[in-house]
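So the number in the working numbering is just where the residue sits in the sequence shown, counting from 1, plus 72. The beta-carbon is built from N, C-alpha and C at its ideal position, and this holds for glycine as well. To start, the structure itself, in structure tokens.
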Amino acid sequence: MPAPLGVPEGALLVTQDDLAFSPAAVSLGAGEPVYFWNGETTLHNLVFDGVERSPNMEAGDVFAWRFEAAGEHLVTCDYHPQMRLRVVVEP
73 MPAPLGVPEG
83 ALLVTQDDLA
93 FSPAAVSLGA
103 GEPVYFWNGE
113 TTLHNLVFDG
123 VERSPNMEAG
133 DVFAWRFEAA
143 GEHLVTCDYH
153 PQMRLRVVVE
163 P
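The structure is reproduced here in structure tokens:
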């Protein structure tokens, strides 16, 4: 499957589909971007460590985020609390 519009080829891509993040866990280096793509018609958002939020994401929307702090982070969705993404950031 080709990357959604706005996502560079080979970039780390997490999809929001079937009310879940896919993959459910990722690892990346501090400051590297991760792209989130809403691959379904359900409205989503992204909540980073329970503090910062993305805008609402409609079908086909892409949002990029950079984790600057090393460690383990959690990404969730305000609308679907069962959606959980574990992010491990290496220094």
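- Met129 sits in a strand when the DSSP states are folded into three classes.
- Beta-bridge partners of Glu112 (DSSP): none assigned.
- The alpha-carbon of Leu118 is positioned some 22 Å away from that of Glu81.
- Per DSSP, His145 is one residue of the beta strand (DSSP E) stretching across 143–148.
- Secondary-structure assignment with DSSP links Pro105 through a beta bridge to Arg138.
- Nearest to Glu162 by alpha-carbon distance, out of Arg156, Arg138, His152, is Arg138.
- Within the DSSP secondary-structure output, Leu100 pairs in a beta bridge with Val161.
- For the 8 Å CB-CB criterion, Gly78 and Val147 do not form a contact.
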